[in-house]
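Heads up: the structure comes next, in structure tokens.
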Amino acid sequence: MKLKNYVTLVLVLIAATLYAQDPNIIWQRTIGGANEDKRPVLLKTQDGLLVGGTSQSDISGEKTEDSRGGKDFWILKLNDNGDILWQRTIGGSGDDNLTSLSKTNDGGYLIGGFSNSPISGEKTEDSRGGFDYWILKLDESGSILWQKTLGGTEDDDLRTIKQTDDNGFIIYGDSSSEPSGDRTATNKGYPDLWVLKLDSDLSITWQNSYGFLTVPHSPHQAVNLDIVNNGDYIFSSTLNGQNDAYYITRVNASGNVLWDYRYEGNRIELTPFVKATNEGNFIIAGTSSSDISEDKEEDSQGMFDFWVLELNSNGEINWQNTIGGAFGEQPWDITQTQDGGYIVSGNSDSEISGDKTENSQGRDDYWIVKLNNVGVIEWQNTIGAAYADIYAKIIETDDGHFYVCGQSVSSISGDKTENSRGHYDFWLLKLNGTLGLDENSLYSNLTLYPNPTKNTLQLNANNQQIVRVKIFSVKGDLVQQVEGFETSKTIDVSQLASGMYYVQFTAGRQIATKKFIKQ
């Protein structure tokens, strides 16, 4: 009997070790029904967050309402502990795909996506033909206050809706429609980019179509739009299967193009997400397979990498960073953090290699990378389970932590503590945002001297083996790199110009960054 109890205890301890979750996870929730629940997006609220995505599930798991037909909008309000306060299933008898969540000026919520449903379920207007933009306003309790369908006779796929300072709305997506239905603008690409400005009464103030000026009549895929501090708009797109690059367009409040640039290397660049920063710049994160060429200043780390660029207000590159491992990385979100840096979320299937300091948990995992204000990695986290964990979105909380949510088909394994509800589910986590310095023993063990220095820099890691050291300029340019040494090293920095530099150390799962002055 004692031997049996001992064996049982050993098995329990082994299981606990195998499935122990990442210590940086504050809590996690698996949210789904028996069918597919995919592509969630996030919105921070005063007391928690809103999660919205596309669902095909009937009542099952966490889902409390049946499907209206095919795919529906599924919106959930959660508190800061991850408890569901309310949820709504919104759809018609066709397919309704949710792509955008944002706040209204009066505390409500804007829901946007694309739908081919006729009048049915919650939908009060017929399809114009194919998919149309479908926008709704919800109150704080999730009740529908109004809705509007906008489209032409072909497919029109909404990507972003936001309320503007004049209480109107800006809507962005891609469209294959010629002038028809609500569309008056000539098509420039099949699809092209279709932007509408509505007033507070939902009347169209203006609309315009855009195709990249140097690649006319090419099929554009819209990615996202953001509002600039002065009332301009910035939006991003990519081309479907040709001239793959980041396409970034800035227009004024009337929709007139101010500038329209593409950023590329010699291979493939896709899905650039763009955000306006507090300083009047623009931060972009997409995926790239290019080596040094054209606009790209660093070689690929493997197959596809995160390629992050900061642009100034005129579209010129301030700095860039290629971030990845030996296989494939795809970012799905980037946002500016309260400390003036940036956080990038996406998925990766790389083992430890390149910039990646943790192995994959199975297939694709969430990969979260924190950058400082010039793109130098401060910390990173790989979160995943045995199967595909992808499309990770991220927002920062008021207390400096992070909500991360994507879709997962994994059951209990790796960092995941709940089984799949059926197929793909929303996998939501709250992460510790202080993981960078407070829990990084590498940072506290590192010493740099002399600092300031003229010729040499002595690095000491207090018995931790360093894999790699990178030195970056204050603008984020990589100026020197040293591979693999033991616990101390003297580096010649005499060739560097005078000024401040960042030194980034990689040791095992940890990354730490410190500053030094070159005299």
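Counting with mature numbering (1 follows the signal peptide of the UniProt record, and there is no 0), you get residues -20 to -1, 1 to 499 for the letters of the sequence shown.
Positions of the beta carbon are idealized from the N, C-alpha and C atoms, including for glycine.
Please report how far the alpha carbon of G260 lies from the alpha carbon of Y213, in whole angstroms.
Approximately 12 angstroms between the Cα atoms of the pair.
Check whether the Cβ atoms of S73 and S100 lie closer than 8 angstroms to each other.
Taking 8 angstroms as the Cβ cut-off, S73 and S100 qualify as a contacting pair.
Suppose you measure from the CA of Q300 to the CA of Q67; what does that come to, to the nearest Å?
In a straight line, the C-alpha of Q300 is about 40 angstroms away from that of Q67.
Whose CA, out of S328, Q445, L428, N298, lies closest to the CA of S456?
As written in the sequence, residue 456 is Gly, which differs from the Ser given in the question. Considering only alpha carbons, the answer is N298.
Could you spell out where the beta strand (DSSP E) holding H200 opens and where it closes?
Start and end: 200 to 207.
Please classify T166: is it buried, with 16 or more other beta-carbons within 10 angstroms of its beta-carbon, or exposed?
Answer is exposed; the Cβ neighbour count stays below 16.
Of all the beta strand (DSSP E) runs that stay within the bounds of the segment 305 to 392, which reach a length of 3 or more residues?
Counting whole runs of 3 or more residues, the segment 305 to 392 contains the beta strand (DSSP E) stretches 309 to 316, 322 to 328, 345 to 351, 357 to 363, 369 to 376, 382 to 388.
Do A366 and G326 have their beta-carbon atoms positioned less than 8 angstroms apart in this structure?
Not closer than 8 angstroms, so no.
Under 8 angstroms between the Cβ atoms of residue 554 and L426?
The displayed coordinates of the chain run from -20 to 499. Any statement about residue 554 would go beyond what the structure contains.
Would you call the segment 77 to 89 in contact with the segment 101 to 109, where contact means no fewer than 3 C-beta pairs closer than 8 angstroms?
Contact between the segment 77 to 89 and the segment 101 to 109 is absent, because fewer than three Cβ pairs lie under 8 angstroms.
Quick one: Cα of residue 502 to Cα of I141, how far?
Here the chain comprises residues numbered -20 to 499, so residue 502 is not present and cannot be evaluated.
Would you report the Cα separation of A492 and L458, rounded to the nearest angstrom?
Whole-angstrom Cα-Cα distance: 16 angstroms.
Tell me which residue opens and which closes the beta strand (DSSP E) that V21 is part of.
Note, V21: beta strand (DSSP E), 17 to 25.
What would DSSP say about N298, mapped onto helix, strand or coil?
The answer is strand: DSSP assigns N298 an E or B state.
Given a cut-off of 8 angstroms, decide if E274 and E244 are closer than it, judged by their beta-carbon atoms.
For E244 and E274, yes; Cβs fall inside 8 angstroms.
Do the segment 228 to 246 and the segment 153 to 166 make contact, defined as three or more Cβ pairs closer than 8 angstroms?
Result no; under three Cβ-Cβ pairs closer than 8 angstroms.
By alpha-carbon positions, which one of D146, G153, G88 ends up nearest to D119?
When each option's Cα is compared against that of D119, the closest is G88.
Along the beta strand (DSSP E) that carries A487, what are the first and last residues, could you check?
Counting along the chain, the beta strand (DSSP E) containing A487 begins and ends at 479 to 487.
Which of the three DSSP states, helix, strand or coil, is assigned to residue 532?
The displayed coordinates of the chain run from -20 to 499. Any statement about residue 532 would go beyond what the structure contains.
Who are the Cβ neighbours of M480 in its own chain at under 7 angstroms, not counting the five residues just before and after it?
Answer for M480: V454, K495, I497, listed in chain order.
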